[in-house]
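Colleague:
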Amino acid sequence: MADAYDYINSEAQLLRALCTYTTMAARLLTGHPAKRFRVLVRAVRDGALIGHYEWAESTESGRLVPASEPWTHWPEAKPSVVAA
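For our numbering, add 1165 to where a residue sits in the sequence shown, where the first one is 1.
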């Protein structure tokens, strides 16, 4: 799958982007045989991991649901990051 870029300027935007994109991905993957997926966010300048959110198939409903809380680490010294 190709990377998709979205410039993010604050930790609040990063968390919102993670929640929005993973929810959209879960809906798009409905009926797909994927059992789990993860969205990773890396800083543009050095590629450091600054966020991720993982979803997995529910044993009760069969739908993709959050497998954990979204994780973010906002690097104060790096104002431009990309969600990919």
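The beta carbon of each residue, even a glycine, is placed where N, CA and C say it ideally should be. Model, not experiment: these values are computed from the prediction.
(1) Please identify the residue among 1210, 1192, 1239 whose C-alpha is closest to the C-alpha of residue 1221.
(2) I'd like to confirm the pairing. Which residues does DSSP put opposite residue 1217 in its beta bridges?
(3) What are the boundary residues of the alpha helix (DSSP H) that includes residue 1229?
(4) Considering only their Cβ atoms, is the gap separating residue 1206 from residue 1179 smaller than 9 angstroms?
(5) To which residues of the same chain is residue 1218 closer than 6 angstroms at the C-beta, ignoring the five residues directly before and after it?
Modeller: This is what the structure gives:
(1) 1192
(2) 1205, 1236
(3) No alpha helix (DSSP H) holds residue 1229; the beta strand (DSSP E) holding it covers 1229-1231.
(4) yes
(5) 1183, 1187, 1204, 1235
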